[in-house]
Amino acid sequence: MTDIDYQALEFAYLKHSDQTAPAPASHRVIVVGAGPVGLTTALDLAQRGVSVVVLDDDCKLSTGSRAICFAKRTLEIWDRLGIGERMTSKGVSWNVGKIFFRDQEVWRFDLLPEHGHRRPAFINLQQYYVEGFLYEAAAAHPLIDLRWKNKVVGVTQQAGGVDLSIETPDGSYELHGEWVVACDGARSPIRKLLGQESHGRVFKDRFLIADVKMHADFPAERWFWFDPPFHPNQSVLLHMQPDNVWRIDFQLGWNADPVEAIKPANVLPRIRALLGAEAQFELEWASVYTFACERMDAFRHGRIVFAGDAAHRVSPFGARGANSGVQDAENLAWKLQAVVAGIAPETLIDTYATEREHAADENLLNSTRSTDFITPKSAASRHFRNAVLNLAREHAFARGLVNSGRLSLPSTYVDSPLNTRDADVVEATGRVAPQNNASAFTGRMVPGAVALDAPVRDAQGNESWWLSYLDGRFVLALFCGAVTPDTATLEALRRLAHGTVPVRIVLISDGSAALTVPDDFTVVQDERACLRQRYDARPGTCYLVRPDQHIAARRREFDETVMTGALHRALGRV
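In this text, residue positions in the sequence shown follow the UniProt record's numbering: the first is 1, and each later residue adds one.
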């Protein structure tokens with residue numbers, strides 16, 4: 001299906017029965033915006049059994065490459081939604097980046113140096129493919145109602161939801177949503193209708209994006225040039241995309257005229273300077289953008305929740321925009337489902353805001369630092385940057401200071417009120433303090449961290465991946481070694497499995513002996529010990545994992561009371 005021209009697609013406007021209803025129709029969740037974040041939110045909610053109306057004021061997908069770098073964590077989220085393989089198969093996978101200063105390479109880095117992960121560090125995939133694949137999955141889901149050319153022009157908050165006024169080609173109508181998720185982009189009309197603003201910093205620099213179709217033997221790597229001979233005193237970024245399309249970003253400076261800059265007569269000489277005078281290529285698309293790092297003060301306003309660019313916007317270097325938006329969607333969807341199902345209090349949505357506001361601040365900080373390094377605004381800053389780049393050729397300490405974009409990583413919610421902290425002493429950072437007792441944990445899997453993948457086998461010995469067992473439910477993972485848990489432990493696990501909030505029970509063996517467990521429990525074999533190593537586990541170690549694959553709690557020995565309490569805490573009940 002990838003031979004479809006997604007940039008040429010137009011979706012039909014269809015009049016809905018809600019438009020002629022005698023009173024405004026009411027829906028559980030309304031998502032405004034059918035971009036990557038809105039469609040991911042809708043898919044996640046629908047797969048959890050929540051019906052969703054998606055409103056979009058347009059009838060087309062994105063034009064041009066726009067967001068192209070999608071991180072490993074984003075692919076893992078899409079794996080859970082059933083579309084990760086399609087995205088990865090179409091995209092260009094990469095782990096390696098290279099930094100050049102003038103005409104020399106100064107640093108090469110690998111973003112995924114360890115083996116045993118299903119997905120690469122990044123794929124490059126044009127945004128119109130991402131939106132197209134998401135759209136097709138959403139359109140096929142019976143719980144998703146997609147409505148094109150439905151523009152929200154009025155918002156009224158009520159105690160039990162939100163009233164929306166919507167304009168269509170057939171006139172206006174009213175709609176009521178118990179919850180509204182605003183994924184309507186950086187200019188967010190809903191944000192404006194509420195009288196809200198984003199605050200932050202707009203950088204006085206401009207970059208030209210050029211999508212170039214050509215056959216080239218460059219490797220699938222991220223190449224970044226500072227002050228190259230073919231574009232002096234500026235920066236350039238090169239990425240491979242599918243279909244022999246290459247994305248080139250040229251720094252222009254603040255005084256560049258955006259209208260003139262995208263004219264072929266001005267774009268083509270820049271490309272030839274990079275590729276050579278004899279290079280054969282076609283210019284597919286060009287645009288000019290300005291850096292901005294800003295966010296709303298609060299992501300929740302009553303029953304309206306903001307996600308993606310509507311809530312926060314970062315400069316593009318570091319691939320933190322679309323990736324953080326997809327992580328917004330994953331954080332919000334399970335919490336909304338728990339609230340509308342009545343198994344969690346409404347205040348659980350407040351933790352979406354606090355967790356993702358923290359993530360936005362982290363992204364804004366990294367993006368701002370990257371922008372300052374890439375586009376120094378004083379002679380002293382430029383001298384410092386150039387000195388760092390010169391030193392990076394020979395000295396490892398300087399490479400840590402090179403900043404062509406700190407590339408997207410998942411946020412760790414170490415301070416979340418949903419975490420049950422370790423029984424051991426914990427430092428203010430959230431990391432376990434060094435202990436002399438044998439119960440202390442080490443490693444990365446602290447409460448609040450996102451679960452790491454690892455190669456495993458199922459009970460029949462078939463190869464699999466650990467994250468595929470973290471399927472959107474709460475999961476209690478118990479490392480058993482070669483010994484089946486005793487009867488009392490199995491009975492306690494069964495009570496957790498069949499409580500008011502069902503928990504998936506996964507028992508992890510070392511593969512040396514078969515475990516005898518109830519049929520409704522899942523057994524995973526960790527023959528390579530990769531899972532044990534990454535989770536610092538030994539027989540008896542257990543983890544409670546949230547539906548969004550973040551760690552809620554961990555213990556060296558399973559304790560039903562502790563884990564039941566951790567489940568309640570993760571749902572915001574305490």
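Cβ coordinates follow ideal geometry from the N, Cα and C atoms, glycine included. Because the structure is a prediction, the values reported are computed rather than measured.
Below 8 Å on the Cβ atoms is my contact criterion, and I expect Gly-154 with Glu-178 to pass it. Report the Cβ-Cβ distance as a whole number of Å.
Incorrect: roughly 18 Å between the Cβ atoms, too far for contact.
Assign Val-425 to buried or exposed, taking buried as 16 or more other Cβ atoms, counted over all protein chains shown, within 10 Å of its Cβ.
Any reading at Val-425 must be qualified, since the residue scores a pLDDT of 37, below 50, and its modelled position is unreliable; no value is offered.
What are the partner residues of Phe-306, as DSSP defines its beta bridges?
Ala-182
Taking the continuous beta strand (DSSP E) assigned at Leu-55, which residues delimit it?
52-56
Under 7 Å between the Cβ atoms of Ala-497 and Glu-560?
no
With 16 other CB atoms within 10 Å as the buried threshold, where does Leu-14 fall?
exposed
In the DSSP assignment, what are the bridge partners of His-239?
Arg-247
Considering only residues of the stretch 355-414, which uninterrupted alpha helix (DSSP H) runs meet the minimum length of 4 residues and lie entirely inside it, listed in chain order?
379-392, 396-399
Less than 7 Å between the C-beta atoms of Ser-408 and Asn-331, yes or no?
no
Measuring alpha carbon to alpha carbon, tell me which residue in Val-523, His-550, Thr-522, Phe-521 is nearest Tyr-535.
His-550
Please classify Pro-228: does DSSP put it in a helix, a strand, or coil?
coil
Can the beta-carbon of Ser-370 be found closer than 7 Å to that of Gly-400?
no
Check whether the Cβ atoms of Asp-205 and Phe-291 lie closer than 7 Å to each other.
yes
Go ahead and pull the three-state DSSP assignment for Gln-549.
coil
Might you give, ordered along the chain, the residues of its own chain that have their beta carbon closer than 6 Å to the beta carbon of Lys-213, omitting 5 neighbours on each side?
Asn-244, Val-245, Glu-282, Glu-284
For Cys-183 and Gly-195, what's the separation of their Cα atoms in angstroms?
16 Å
Does the stretch 300-319 come close enough to the stretch 359-366 that 3 or more CB-CB pairs lie under 8 Å?
yes
Using only CA atoms, which one of Asp-519, Val-517, Ala-513 lies nearest to Gln-525?
Ala-513
Would you kindly report the start and end of the unbroken alpha helix (DSSP H) that includes Asn-331?
321-340
Return helix, strand or coil for Ile-4, following the three-state DSSP convention.
coil
Helix, strand or coil at Lys-98 according to DSSP, with G and I counted as helix
strand
Assumed close pair Val-180, Leu-164 - CB separation to whole angstroms, cut-off 8 Å:
7 Å
Please report the residue range of the alpha helix (DSSP H) in which Pro-142 lies.
Here Pro-142 belongs to no alpha helix (DSSP H), and DSSP marks it neither H nor E.
Using the C-alpha atoms, what's the distance from Ser-381 back to Asn-95?
29 Å
By the DSSP assignment, the beta strand (DSSP E) with Arg-504 in it spans what residues?
503-509
According to the Cβ coordinates, are Phe-207 and Gln-158 closer than 7 Å?
no
Among Ala-71, Val-545, Trp-225, the one whose alpha carbon lies nearest that of Met-87:
Ala-71
Quick one: which unbroken beta strand (DSSP E) runs of 3-plus residues sit fully inside the stretch 14-69? Chain order, please.
25-32, 52-56
Does the structure place the stretch 538-555 close enough to the stretch 467-474 that three or more beta carbon pairs sit under 8 Å?
yes
Put Ser-416 into one of helix, strand or coil per three-state DSSP.
coil
Let me know the secondary structure DSSP gives Asp-424 once reduced to three states.
Reliability fails at Asp-424, whose pLDDT of 43 lies under 50, so the model's placement of it is uncertain and no value is given.
Rounded to the nearest angstrom, what separates Asp-217 and Leu-275 at their Cα positions?
12 Å
For Glu-284, the residue or residues it bridges with in DSSP:
For Glu-284, which the question treats as bridged, DSSP gives no partner whatsoever.
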